[in-house]
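Have a look at the structure below, then the notes.
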Amino acid sequence: MKNVAVIGAGASGLFLTRKLAGDPTLQLYLFERSRNVGTKLRASGGGRANIFNKNISPLCYNNPETIEQLLSKVTPERMQSEFENLGLPVISDDEGRVYPLTQFSQTVVDILWNENMSNVHIETECEVKQLTANNGTWRVNDYPVLFDAVVVASGSPANMIQKNRLNYNGFLSPLKLKTKECQPSLVGFKIKDYPKRLSGCRTKAIASLYQNDTLIHREAGEVIFKDDGISGIVILNLSAFYNRLPSQKNCHISLNLMYQDEQFDVVSYQKRFHSMKGLLHPKLNEWYERNPFNVKDMRLEILSTYEMEQAQVCHGGVDVSEINDDFSAKRFQNLFFTGEILDIDGVCGGYNLFFAFASALVVSNAIKKSSIV
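Heads up, the sequence shown is in this note's numbering, so the first residue is -9 and it goes up one at a time.
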């Protein structure tokens, strides 16, 4: 009998545990610092759990080469089959976003976590502070079991308040892994000289991220005006590309409010009706009347992203140069990494949960095939 420690009971850790639970040669020990499992998973997709996307593309991630290798092993079709084999039928929308049939995230947690799995032991409210190699095995804290393999699925500090982020994943420090500092990603932007009158406005637009005069990324969708900046899925996706820039200096967002018809003759409309009321949200129209602007190029200078507490995921983590294709550590035997702990982040729409589940699937297969079993 072999012992496997899984650090983190989020999406990746739960999926991995569920896949390995049926192996009678393994004893699984799940360590979770929170009181409950799957906390972020329950909140994903607005409580509907957008678990993956049918149109996964490596270009939607910050490390596309790693995703391309992953897709050679786990396709969206394979992921759908995996969920259905666990008893979770799925549905998808016109943009390829995949949800559980119930469209309720608790369903996903209920399918992945079963307290009656006989070879699974869980320690909740248990923060891992030490991970130590011990003559070919591993020790977690002072837990009275030596582990033949450890899977780090502890996620990132995204959406955490500051006191909970202090020394988060600090147990990895003694291993001296190459890492990239975590920065908030899939997050809104604070805007310089922001017109607070627009707070509460929601409008469709073609949103473009520029650095100087260079277009970085363009996407259409809903923009939400907040008290001191902007948000919305389209803006969150721009933030993912913003965080991948070597420098974030001299960046601005251009909003084309004529998203349905970029060729619309705004000048002729304004001359004819002496107003923009029929084209703009009332709050935008009020602002236009006070400070006329180009409705096809409403420029908003970026001050920064919002803080980590508002971020859905992080940009940064354990560098991909530290792992093999099966997500095992190159320099440490029987140590694996899955999900957000790695410097892999994608855009909105199920891309990040796909990586969490798919990387866990690869690791589960690697553990089953490895010499530890």
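Virtual Cβ for every residue (Gly too), placed ideally from N, Cα, C. Quantities reported herein were computed from a predicted structural model and do not represent experimental measurements.
Item: Below 8 Å on the Cβ atoms is my guess for V141 versus V(-4); work out the distance and round it to an integer in Å.; Value: 5 Å
Item: Apart from the five residues on each side of it in sequence, which residues of its chain come closer than 7 Å, Cβ to Cβ, to V64?; Value: A348, L351, V352
Item: Confirm, please, whether the CB-CB distance from A1 to A346 is below 9 Å.; Value: yes
Item: Would you call the CB atoms of R8 and M107 closer than 9 Å?; Value: yes
Item: If you run the structure through DSSP and keep just helix, strand and coil, what is Y133?; Value: coil
Item: By a C-beta neighbour count over all protein chains shown, 10 Å radius and 16 as the cutoff for buried, is H305 buried or exposed?; Value: buried
Item: When we look at the beta-carbon of Q250 and count the other beta-carbons within 10 Å, is it buried (16 or more) or exposed?; Value: exposed
Item: Quick check on the DSSP output: the beta strand (DSSP E) that includes L199 runs from which residue to which?; Value: 192 to 201
Item: By DSSP, does I206 sit in helix, in strand, or in coil?; Value: strand
Item: Would you call P282 buried or exposed, if buried means 16 or more other Cβ atoms sit within 10 Å of its Cβ?; Value: exposed
Item: Taking all protein chains shown into account, decide if I81 is buried (16 or more other Cβ within 10 angstroms of its Cβ) or exposed.; Value: exposed
Item: Alpha carbon to alpha carbon, how far is R87 from E105?; Value: 29 Å
Item: Which complete alpha helix (DSSP H) runs does the segment 207 to 248 hold, if anything under 4 residues is left out?; Value: 223 to 233
Item: In chain order, what residues of the same chain have a beta carbon less than 7 Å from the beta carbon of G35, not counting five sequence neighbours either side?; Value: Y89, S95
Item: Please determine, among E299, Q93, S221, the residue with the shortest C-alpha to C-alpha distance to I292.; Value: S221
Item: Does the beta-carbon of K153 have 16 or more other beta-carbons within 10 angstroms, so that it is buried, or is it exposed?; Value: exposed
Item: Taking one C-beta from the segment 187 to 198 and one from the segment 237 to 255 each time, how about it: are there three or more such pairs within less than 8 Å?; Value: yes
Item: Give me the residue from K119, R187, F326 with the minimum Cα distance to Y158.; Value: K119
Item: Is the beta carbon of M266 closer than 9 Å to that of P147?; Value: no
Item: Helix, strand or coil for T122? Go by DSSP, reduced to three states.; Value: strand
Item: Going by C-alpha to C-alpha distance, which of Y296, G(-2), K358 sits closest to I151?; Value: Y296
Item: Quick test of the definition: if touching needs 3 or more C-beta pairs under 8 Å, does the segment 327 to 334 touch the segment 49 to 57?; Value: yes
Item: Taking the runs of the alpha helix (DSSP H) that are 4 residues or longer, which of them lie wholly in the segment 322 to 346?; Value: none
Item: Identify every residue that forms a DSSP beta bridge with P90.; Value: V80
Item: Quick one: give me the first and last residue of the alpha helix (DSSP H) that L102 is part of.; Value: 95 to 102
Item: Check whether the Cβ atoms of T29 and M(-9) sit closer than 9 Å, and answer yes or no.; Value: no
Item: Return the residue from the list E209, G211, F215 that minimises the CA-CA distance to Y184.; Value: F215
Item: Which residue from K358, R280, L343, I357 puts its Cα closest to that of R38?; Value: L343
Item: Going by DSSP, name the residue or residues bridged to F179.; Value: I220, T295
Item: Which residues bound the alpha helix (DSSP H) around L188?; Value: That residue, L188, is in no alpha helix (DSSP H); it is neither H nor E in DSSP.
Item: Does the pairing of the segment 17 to 25 with the segment 114 to 133 give three or more beta-carbon distances under 8 Å?; Value: yes
Item: Closer than 7 Å by C-beta to D83: which residues in its own chain qualify, once you throw out the five before and the five after it? Chain order, please.; Value: none
Item: At a cut-off of 8 Å, would you count F322 as near the ligand SAM, judging by its Cβ distance to the nearest heavy atom?; Value: Here there are no bound small molecules, and the ligand SAM is not part of this structure.
Item: Can you list, in chain order, the residues of its chain with a C-beta nearer than 8 Å to that of V363? Leave out the 5 residues immediately preceding and following it.; Value: Note on V363: pLDDT 49, under 50, position unreliable in the model; the coordinate value appears next. Closer than 8 Å at Cβ, skipping near neighbours: K(-8), D13, T15, L16, I357.
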